[in-house]
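Q: As numbered in our numbering, residues 34 to 321 make up the sequence shown, in order.
Handing you a structure now.
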Amino acid sequence: MRRLFEILLAEPEGVGAAAALEAVRASMSLTKFESDHYPSGGQRFEKILRFATIDCVKAGWLHKNKGIWTVTEAGRQAYLKYADPEAFYKEACRLYGEWKAQRDATSVQPGEAAEPEAIDEAAEKLSVTVEAAIDHAWTEISAYLHSTDPFEFQEMVAGLLRAMGYHVAWVSPPGKDNGVDVIAFTDPLGATGPRIKAQVKRWQSKIDSDGLKSFLATLSTGDVGIYVCLAGFTKDAQDYARNQETRRVTLIDARRFFDMWVEHYPRLGDEAQRQLPLVPVYFLAPPD
34 MRRLFEILLA EPEGVGAAAA LEAVRASMSL TKFESDHYPS GGQRFEKILR
84 FATIDCVKAG WLHKNKGIWT VTEAGRQAYL KYADPEAFYK EACRLYGEWK
134 AQRDATSVQP GEAAEPEAID EAAEKLSVTV EAAIDHAWTE ISAYLHSTDP
184 FEFQEMVAGL LRAMGYHVAW VSPPGKDNGV DVIAFTDPLG ATGPRIKAQV
234 KRWQSKIDSD GLKSFLATLS TGDVGIYVCL AGFTKDAQDY ARNQETRRVT
284 LIDARRFFDM WVEHYPRLGD EAQRQLPLVP VYFLAPPD
């Protein structure tokens, strides 16, 4: 667990769960028990570590959001305070116990259907199962997005804008685009509202502030900029975009693009849906 925190602390913006778990696995020599798989599937090491992170989340040390794990300030302080791995994890368990005791004191248990401990264990196992399923799904979706043809991805962005109610006037053909890939308006004639300019990148590396400045230079007065980069944006680029007073720009990484795609999926055209087809799968939601 301390090795996991060490890896996460090196990336303040967070690390994908699968990548973090793999980094821990690669840095250690697993026992035969840890490297074996459960009959139902899944390596013991990964499930044990995922299960153990629940204590750290409830302790307020670890934050999970859409498959991205980040260490909180409280977690960083705990990592520095408890150098001994056993003491570190015991403190997380103690804090989890406090959280659970406070929850139990203010909630009604479901009769005599099961003991509270059994309910908690079932909920934790369910939480790990759902979390692993979400991570696996996102890994496949992210790989699919990064494998799309650059011009196909431009069309996907254009299709999303149409589903959101905008009128796409132009999508850059193959060749030099002068920094703009999609132009859209709020009405069919472009007579009202701002002109929307979008830059679209499938890059594996994040856009820095210099890259963002180049795009902002293409925006005229009244334009609204949308920068889509699957890899995301550096902190400097995010800060620069946030501090703009006259030029409006929205930064969209892979996860935000996907969230918007899901939100507007029913309104996407048939061709757009074929470019990134999705099917919902329902799980019993773990309790908070």
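Even glycine gets a Cβ: it sits at the ideal position worked out from N, Cα and C.
With DSSP collapsed to three states, give me the class of A250.
A: What you label residue 250 is simply residue 217 of the sequence shown in a count that begins at 1. Note: A250 maps to coil in three-state DSSP.
Q: I'd like the span of the alpha helix (DSSP H) that includes Q308, first residue to last.
A: Translated into the one-based positions of the sequence shown, residue 308 becomes position 275. 303-308 is the span of the alpha helix (DSSP H), which, as asked, contains Q308.
Q: What does the Cβ neighbour count give for W294, buried or exposed, with the cut at 16 atoms within 10 Å?
A: Taking the first residue of the sequence shown as position 1, residue 294 is located at position 261. Counting Cβ neighbours within 10 Å, W294 comes out buried, since at least 16 surround it.
Q: In its own chain, which residues sit with a C-beta less than 8 Å from the C-beta of N98, not counting the 5 before and 5 after it?
A: In the sequence shown, the residue the question calls residue 98 occupies position 65. G47.
Q: What separation, rounded to the nearest whole angstrom, lies between the Cα atoms of P149 and W203?
A: On the sequence shown, position 116 is the one that residue 149 refers to. On the sequence shown, position 170 is the one that residue 203 refers to. Annotation note: pLDDT 49 at P149 (below 50); position unreliable, coordinate value reported separately. One C-alpha to the other measures close to 59 Å.
Q: Could you tell me the alpha carbon to alpha carbon distance between P183 and K234, rounded to whole angstroms?
A: Numbered from its first residue, the sequence shown carries residue 183 at position 150. Numbered from its first residue, the sequence shown carries residue 234 at position 201. Each residue's Cα considered, the two are about 7 Å apart.
Q: Tell me the DSSP secondary structure of D137 in three-state form.
A: By 1-based counting over the sequence shown, the position of residue 137 is 104. Helix at D137.
Q: With T267 and K246 assumed to form a contact (beta carbons below 8 Å), what rounded beta-carbon distance in angstroms separates them?
A: The residue labelled residue 267 in the question sits at position 234 within the sequence shown. The residue labelled residue 246 in the question sits at position 213 within the sequence shown. Actually they do not touch by this definition, with Cβ atoms about 12 Å apart.
Q: Going by the CB atoms, is the gap between I285 and V257 shorter than 8 Å?
A: Working through the sequence shown from its first residue, we reach residue 257 at position 224. Working through the sequence shown from its first residue, we reach residue 285 at position 252. No, Cβ-Cβ distance for V257 and I285 is not below 8 Å.
Q: Taking 8 Å as the threshold (C-beta atoms), are R83 and A165 in contact?
A: Translated into positions along the sequence shown, residue 165 becomes position 132. Translated into positions along the sequence shown, residue 83 becomes position 50. For A165 and R83, yes; Cβs fall inside 8 Å.
Q: Output the distance between the C-alpha atoms of E304 and Q237, rounded to the nearest integer angstrom.
A: Stepping through the sequence shown from its first residue, residue 304 is reached at position 271. Stepping through the sequence shown from its first residue, residue 237 is reached at position 204. Going by the C-alpha atoms only, they are around 26 Å apart.
Q: Starting from T103 and walking both ways along the beta strand (DSSP E), at which residues does that stretch end?
A: The sequence position of residue 103 within the sequence shown is 70, counting from 1. Looking at the DSSP string, the run of the beta strand (DSSP E) that includes T103 is 101-104.
Q: Touching or not, the segment 76-92 and the segment 120-130, by the rule of three or more beta carbon pairs under 8 Å?
A: In short, these stretches touch, since the Cβ pair count reaches three.
Q: DSSP three-state call for R275: helix, strand or coil?
A: Start at 1 with the first residue of the sequence shown, and residue 275 comes out as number 242. Helix at R275.
Q: Do A53 and L37 have their C-beta atoms closer together than 8 Å?
A: Residue numbering aside, residue 53 sits at position 20 when the sequence shown is read from its first letter. Residue numbering aside, residue 37 sits at position 4 when the sequence shown is read from its first letter. Cβ atoms of A53 and L37: closer than 8 Å.
Q: Per DSSP, what kind of secondary structure is V314 in: helix, strand or coil?
A: Here residue 314 is taken as the residue at index 281 of the sequence shown, counted from 1. Correct three-state label for V314: coil.
Q: What does DSSP give as the partner residue(s) for A231 in the beta ladder?
A: To locate residue 231, count along the sequence shown from 1; it is residue 198. V215, I259.
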